[in-house]
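S.K.: Can you read through this structure? Questions will come right after.
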Amino acid sequence: MRNPWVHDDVPDDPGRGYDGPVRLLAAFIWGLLALSVGGFVLLSGAGVVDLADGGSLGEVVTGVVAALAVALALPVLLKLLAISRALAALAFLVTGASVGRFVIAREPERFRALLDARDGLAENAGALGDLFDVVDSLSPAMTDGATAVVDGAIAAVIAFPAA
1 MRNPWVHDDV
11 PDDPGRGYDG
21 PVRLLAAFIW
31 GLLALSVGGF
41 VLLSGAGVVD
51 LADGGSLGEV
61 VTGVVAALAV
71 ALALPVLLKL
81 LAISRALAAL
91 AFLVTGASVG
101 RFVIAREPER
111 FRALLDARDG
121 LAENAGALGD
131 LFDVVDSLSP
141 AMTDGATAVV
151 DGAIAAVIAF
161 PAA
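Each residue of the sequence shown is one higher than the one before, starting from 1 at the first, in our numbering.
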């Protein structure tokens with residue numbers, strides 16, 4: 001009977017470590033850790049993250065936790081994509097909904113500000129709609145003239161002999 005804990009793929013010189021994807025994964029993880037710590041130090045040094053104010057630090061923590069949740073779910077989603085597209089789509093929707101609920105629950109003020117900005121955008125869209133009405137009410141002769149110019153340019157390009 002074979003011992004499942006003994007692996008045949010152990011290199012002859014195990015003190016040197018494994019080659020291949022394991023080193024790449026380790027480099028990625030350590031690089032990500034160094035980037036996150038360095039980014040936090042730079043953000044707090046620049047005053048973007050105020051350590052005395054828990055609000056800005058909370059926003060950073062929320063973003064980091066949401067990004068980690070998505071990063072951890074990504075390999076599972078890719079594996080499910082190899083099995084079934086429908087199952088992967090369902091898992092993607094569930095992941096997005098759960099991460100979205102987490103972010104909305106942690107940052108309700110930010111989403112209230114987005115909703116207020118949306119109301120302002122709706123007012124501006126009304127003004128843009130009035131502009132479209134003005135353009136639409138212009139004389140048909142002006143639009144017919146522009147159409148004739150474009151048609152003439154297309155005919156000239158088509159009639160030009162290819163060299």
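Note that beta-carbon positions come from the ideal geometry of N, C-alpha and C, so glycine has one too.
Compute the Euclidean distance between the alpha carbons of LEU24 and GLY126, then round it to the nearest angstrom.
M.R.: Each residue's alpha carbon lies about 53 angstroms from the other.
S.K.: Would THR62 and GLU109 qualify as a contact pair, given that the criterion is a beta-carbon distance under 8 angstroms?
M.R.: Cβ distance not < 8 angstroms, so THR62 and GLU109 don't count as in contact.
S.K.: Can you tell which of LEU72, ALA105 and ILE104 has its C-alpha closest to the C-alpha of PHE92?
M.R.: Answer by Cα proximity: LEU72.
S.K.: Which same chain residues end up closer than 7 angstroms to ALA69 when comparing Cβ atoms and leaving out the 5 residues on each side of it in sequence?
M.R.: Hits under 7 angstroms: VAL99.
S.K.: Among LEU81, ALA105, LEU114 and LEU77, which one has its Cα closest to the Cα of THR95?
M.R.: When each option's Cα is compared against that of THR95, the closest is LEU77.
S.K.: Is any non-hydrogen atom of the ligand SAH found closer than 7 angstroms to the C-beta of LEU25, if you look at the structure I gave you?
M.R.: Only the bare structure without any ligand can be found here, which leaves the ligand SAH out of the picture.
S.K.: To the nearest angstrom, how far is the alpha carbon of LEU87 from that of GLY31?
M.R.: Approximately 32 angstroms, taken between the alpha carbons.
S.K.: Jot down the residue ranges of each uninterrupted alpha helix (DSSP H) in the region 52–91, minimum 4 residues, whole runs only, in chain order.
M.R.: List check, alpha helix (DSSP H) in window: 54–83.
S.K.: Suppose you measure from the CA of ALA26 to the CA of ILE104; what does that come to, to the nearest Å?
M.R.: Going from the Cα of ALA26 to the Cα of ILE104 covers about 33 angstroms.
S.K.: Please report the straight-line C-alpha distance between PRO75 and ARG118, rounded to a whole angstrom.
M.R.: Cα-Cα distance, rounded: 35 angstroms.
S.K.: May I have the straight-line CA-CA distance separating VAL134 from ASP116, to the nearest angstrom?
M.R.: Cα-Cα distance, rounded: 28 angstroms.
S.K.: Do PHE28 and ALA66 have their beta-carbon atoms positioned less than 8 angstroms apart in this structure?
M.R.: Going by C-beta atoms, ALA66 is not nearer than 8 angstroms to PHE28.
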